[in-house]
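The structure under discussion appears below in the form of structure tokens.
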Amino acid sequence: MNQRPVNRRLLWWALAFVTLEGTIGLAVWRASQTCWSC
Numbered sequence: 033m034n035q036r037p038v039n040r041r042l043l044w045w046a047l048a049f050v051t052l053e054g055t056i057g058l059a060v061w062r063a064s065q066t067c068w069s070c
């Protein structure tokens, strides 16, 4: 499927970024749901 070797570092950076964004998004959503910072 992939003829060229995948840039592992770029892939890991992308994965880490998506995971971080998801974690931040979930934290913000939970904070807004509990509304302890209103």
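Add 32 to a position in the sequence shown, counting from 1, and you land on the number used in our numbering. Virtual Cβ for every residue (Gly too), placed ideally from N, Cα, C. Values in this document were obtained by computation on a predicted structure and should not be read as measured data.
Would you tell me roughly how many angstroms separate the C-alpha atoms of arginine 36 and leucine 52, rounded to the nearest one?
28 Å
With DSSP run on the structure shown, which of helix, strand or coil describes arginine 36?
coil
For alanine 48, decide whether its Cβ has a neighbour in chain B, counting only Cβ atoms nearer than 8 Å.
This model lacks chain B altogether; it includes just one protein chain.
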